[in-house]
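**Q**
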Amino acid sequence: MSSVDKQLENLKAEITNELPRDISVSDVKYEGPELVVYTRDPKKFAQNGDLIRKLASKLRKRITVRPDPDVLSDPREAEPKILSVIPEEAGVTDLDFHIDTGEVVIEAEKPGMVIGRHGSTLREITQKVGWTPEVVRTPPIESSTVSNVRNFLKQEREDRRRILERTGRQIHREQLSDDEWVRITTLGCCREVGRASFIVSTPETRILVDCGDKPGSDDVPYLQVPEALGSGANSLDAVVLTHAHLDHSALVPLLFKYGYDGPIYTTEPTRDLMGLLTLDYLDVASKEGRTPPYESEMVREAIKHTIPLEYGDVTDIAPDVKLTFHNAGHILGSAVSHFHIGDGLYNVAFSGDIHYEDTRLFNGAVNDFPRVETLVLESTYGGRNDYQTDQQDSEKRLIEVINETYDRGGKVVIPAFAVGRSQEIMLVLEEAMRSGKIPEMPVHLDGMIWEATAIHTTYPEYLRDDLRDRIFHEDENPFLAEEFNHIDGGEEERQDVADGDQAIILSTSGMVTGGPIMSWLRHVGPDPKSRLVFVGYQAQGTLGRRIQNGWDEIPVNGRDGMGRSDTLKLEMDVETVDGFSGHADRQGLENFVKTMNPRPEKVLCVHGDERSVQDLSSALYHDYNMRTFAPKNLETFRFK
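Be aware that the sequence shown starts at 1, since it is given in the UniProt record's numbering, and climbs by one per residue.
1. Out of T126, A56 and L72, state which residue places its alpha-carbon closest to the alpha-carbon of S84.
2. At which residues does the beta strand (DSSP E) containing G188 begin and terminate?
3. Among D499, D390, V146 and R123, whose alpha-carbon lies nearest the alpha-carbon of E107?
4. Contact between the region 339-348 and the region 212-224: three or more CB pairs below 8 Å?
5. Have a look at G582 and E482 and give me their C-alpha separation to the nearest angstrom.
6. Enumerate in chain order the residues of its own chain whose CB-to-CB distance from Y621 is below 8 Å, with the five nearest sequence positions on each side excluded.
7. Using CA atoms only, rank isn't needed, just tell me which of M572, I471, N625 and E34 is closest to residue 645.
8. If you draw a straight line from the C-alpha of G588 to the C-alpha of F362, how long is it?
9. How far does the beta strand (DSSP E) with V36 in it extend, from its first residue to its last?
10. Looking at the secondary structure, which residues open and close the alpha helix (DSSP H) in which N17 lies?
11. Contact defined as beta carbons within less than 8 Å: I believe F256 pairs with A302. What is the distance between those atoms, to the nearest angstrom?
12. Take D321 as the anchor and find which of N347, H330 and A328 has the nearest alpha-carbon.
13. Residue range of the alpha helix (DSSP H) that P415 falls in?
14. Once the 5 residues before and after S617 are set aside, which same chain residues still bring their CB inside 6 Å of it?
15. In the DSSP output, what is R62 paired with across the bridge?
16. Considering only residues of the same chain and omitting the five flanking positions on each side of G561, which have a CB-CB separation below 8 Å?
17. Would you give the residue range spanned by the alpha helix (DSSP H) that P163 belongs to?
18. Our contact map puts M572 next to D527 with C-beta atoms below 8 Å; I'd like the distance itself, whole angstroms only.
19. Give me the Cα-Cα distance between S612 and Q540, rounded to the nearest whole angstrom.
20. Going by DSSP, what residues sit across from Y281 in a beta bridge?
21. Got a sec, what are the start and stop residues for the beta strand (DSSP E) N347 sits in?
22. Name the two residues that bound the continuous alpha helix (DSSP H) containing L589.
23. Which full runs of the alpha helix (DSSP H) of 4+ residues lie inside the region 290-315, going along the chain?
24. Where do the ends of the beta strand (DSSP E) carrying V104 lie?
25. Mind reading off the beta-carbon distance from T359 to H338? Whole number of angstroms is fine, and I expect it under 8 Å.
26. Have a look at I505 and H98 and give me their C-alpha separation to the nearest angstrom.
27. Looking at the structure shown, is Y265 part of a helix, part of a strand, or coil, going by DSSP?
28. From the DSSP output, in three-state form, read off H473 for me.
29. Can you check whether the CB of I52 is closer than 9 Å to the CB of D36?
30. Three or more beta-carbon pairs under 8 Å between the region 446-463 and the region 134-152, yes or no?
31. Is P133 helix, strand or coil when you go by DSSP?
32. Need the endpoints of the beta strand (DSSP E) that K322 sits in, please.
33. Below 8 Å, can you find three or more Cβ-Cβ pairs linking the region 483-502 to the region 437-448?
34. Curious, which full-length beta strand (DSSP E) runs of at least 3 residues does the region 399-442 contain?
35. For I199, which beta-bridge partners are listed by DSSP?
36. Could you have a look at D272 and say whether DSSP puts it in helix, strand or coil?
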């Protein structure tokens with residue numbers, strides 16, 4: 001018998017001993033980080049609301065209780081009983097029964113009403129029918145991504161359970177080494193922006209944090225080195241994804257092409273956005289005549305292997321590592337990732353990308369942890385003079401630019417990231433039109449912006465408190481304002497917009513590296529009455545940065561068969577409005593560190609160009625007397 005089987009046997013005996021005699025335990029299994037307890041008496045379990053909490057506290061494990069399949073009531077009988085318990089205002093749109101696990105997935109417009117105060121309605125459902133309810137939100141804006149992910153995971157339930165059971169056994173296996181050390185190896189995004197990737201390793205465990213591409217470049221993380229995939233993809237125990245932007249997520253599916261078969265830990269919205277963005281990444285590569293680095297099947301594998309975690313949940317992901325996600329304030333589902341290593345041995349936090357102040361979309365980044373000895377800190381705007389305009393001033397300037405352009409009969413074209421910046425700008429525009437600060441006019445959303453917005457409305461609990469409350473009330477949902485028009489008719493519709501009256505156009509890609517923005521530059525670029533407005537970071541080497549720096553002749557169609565390149569003369573004005581970035585500026589980064597509780601002993605400044613990381617590293621060292629580093633790629637740091 002393996003050590004894990006012995007452990008499960010002991011746990012079963014301990015749980016049985018703790019439970020009242022009339023509640024039986026038929027099986028105990030690990031599924032990912034959770035301990036799943038099967039019982040023939042689910043209704044009695046549900047009658048005692050504190051029972052699961054007490055067990056979880058005593059065993060120090062996340063516990064899920066499921067009914068033994070043998071005792072399940074017929075779904076046709078259970079359905080009306082479940083609906084009789086749930087208030088009608090909850091807006092239940094679907095019930096999906098899974099006999100293999102005894103779970104019923106309840107999709108509802110208002111999940112909170114299905115859950116009830118402290119889970120009271122969920123317990124009442126189990127008391128009535130024995131099934132274990134799981135609740136998901138019906139998206140207020142229909143999302144093909146959310147729908148596809150949910151349907152795919154439903155189809156793959158059996159395979160997914162096998163993955164979770166295997167992962168669970170790996171997490172809870174016996175530790176094999178008496179050594180104690182922690183190392184971080186940098187595989188990308190050091191003294192550069194893009195291709196974020198790190199390895200956290202201990203004598204027991206190897207964890208990959210992020211695996212992204214580099215905008216405007218073919219450079220990829222150094223995955224081939226021995227510390228990463230050099231000794232085989234299955235030498236990795238886990239992958240942790242801080243957020244879905246492609247410079248952090250684009251190459252995660254590639255790991256499965258190389259043979260990785262383990263878990264990906266991230267938040268639920270990041271999982272969905274990763275699916276959306278990586279499939280689009282493959283599509284863009286194909287349209288531009290490049291060979292995509294992996295097939296769409298690998299994206300599905302990544303989704304199937306994802307174990308979503310909520311902010312604040314402390315989760316075992318290896319025999320010697322616990323992971324906790326905290327809001328990073330950057331984009332939907334973005335997470336500061338805190339690793340507690342060993343039995344109090346060492347603590348490392350990866351900021352991912354952060355925004356320290358509250359924005360219209362998100363509460364500011366969390367920086368309060370039980371312990372942190374080392375912080376790996378993004379430094380995109382870490383340069384000495386990288387102070388962004390106050391957001392209110394930025395909004396005021398954007399409104400001025402829109403009014404000036406409207407008055408002269410032009411259009412405003414805003415290249416924006418589909419995820420995060422677009423929704424931030426949409427909120428500014430909706431309020432400005434509602435309050436009469438700018439004239440009412442169509443706001444055309446091109447590329448993946450509408451779909452990304454639909455995903456935002458599916459997960460309002462990840463948004464800023466007051467925005468979440470507005471989305472809960474359909475008549476106040478700002479994303480449903482009638483000015484917003486989803487462009488889905490291709491070139492013909494774009495031409496109609498270009499020939500029409502004044503309008504605002506929000507389009508991907510945010511750094512002008514391809515996608516529908518190229519079409520808008522062709523249609524609107526030659527119009528001197530119109531304006532191109534940058535509201536987000538333009539990385540070195542991207543066409544966006546070149547236009548920002550004064551280029552007015554740009555390649556638009558790539559190369560033709562004769563080796564020539566088509567060029568377009570830009571007659572439209574170009575404007576940059578700072579302050580809408582999802583990244584903290586220099587002051588925000590310093591404040592994040594200064595107010596950290598506790599303050600780290602060491603800081604690795606990454607994800608910024610050479611000047612930015614050096615400036616920030618030097619300032620933190622001088623101001624706060626902490627050891628700081630501006631590492632290069634392929635450096636390894638040993639802690640402990």
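Virtual Cβ for every residue (Gly too), placed ideally from N, Cα, C.
**A** In brief:
1. Looking at the Cα atoms, T126 is the closest of the given residues.
2. V182 to G188 is the span of the beta strand (DSSP E), which, as asked, contains G188.
3. Among D499, D390, V146 and R123, the Cα nearest to that of E107 is on V146.
4. Three or more beta-carbon pairs separated by less than 8 Å are not found between the region 339-348 and the region 212-224, which leaves the two stretches without contact.
5. Between the alpha carbons of G582 and E482 lies a gap of roughly 26 Å.
6. Closer than 8 Å at Cβ, skipping near neighbours: R627 and T628.
7. Because the chain spans 1 through 640 in this model, residue 645 falls outside it and cannot be assessed.
8. Taking the Cα positions, G588 is about 15 Å away from F362.
9. Residues E34 to T39.
10. For N17, the uninterrupted alpha helix (DSSP H) segment begins and ends at S3 to E18.
11. The Cβ separation is near 6 Å, so the contact holds.
12. The displayed chain sequence assigns Val, not Asp, to residue 321. Residue nearest to V321 within the set N347, H330 and A328 is N347 (criterion: CA-CA distance).
13. For P415, there is no enclosing alpha helix (DSSP H); the residue is part of the beta strand (DSSP E) that begins and ends at V412 to P415.
14. Same-chain partners within the cutoff: C605, T628 and A630.
15. According to DSSP, R62 bridges with E34.
16. Its pLDDT being 40, under 50, G561 is placed unreliably by the model, and nothing is read from it.
17. It should be pointed out that residue 163 corresponds to Ile in this sequence rather than to Pro. R157 to I171 is the extent of the alpha helix (DSSP H) around I163.
18. With a Cβ gap of about 6 Å, M572 and D527 count as contacting.
19. Between the C-alpha atoms of S612 and Q540 there is a straight-line separation of about 13 Å.
20. Answer is none; Y281 lacks a bridge partner.
21. First-last of the beta strand (DSSP E) with N347: Y346 to F350.
22. Taken as a continuous stretch (DSSP letters only), the alpha helix (DSSP H) holding L589 covers R586 to K594.
23. Along the region 290-315, the alpha helix (DSSP H) occurs as fully enclosed runs of 4 or more residues at 296-304, listed in sequence order.
24. Unbroken beta strand (DSSP E) run through V104: E103 to A108.
25. That pair is no contact at about 22 Å.
26. I505 and H98: Cα-Cα distance of roughly 44 Å.
27. DSSP places Y265 within a strand segment (E or B) once states are collapsed to three.
28. DSSP, reduced to helix, strand and coil, places H473 outside both helices and strands of the structure shown, so it counts as coil.
29. Rather than Asp, the amino acid found at residue 36 in this sequence is Val. The Cβ atoms of V36 and I52 lie no closer than 9 Å to each other.
30. Contact holds: three or more Cβ-Cβ distances are below 8 Å.
31. In this structure, P133 counts as strand in the three-state DSSP scheme.
32. Here the beta strand (DSSP E) through K322 covers V321 to N327.
33. Yes: at least three Cβ pairs fall under 8 Å.
34. Entirely contained in the region 399-442, the beta strand (DSSP E) runs reaching 3 residues are, in chain order, 412-415.
35. According to DSSP, I199 shares a beta bridge with T185 and L208.
36. Annotated three-state conformation of D272 is helix, per DSSP.
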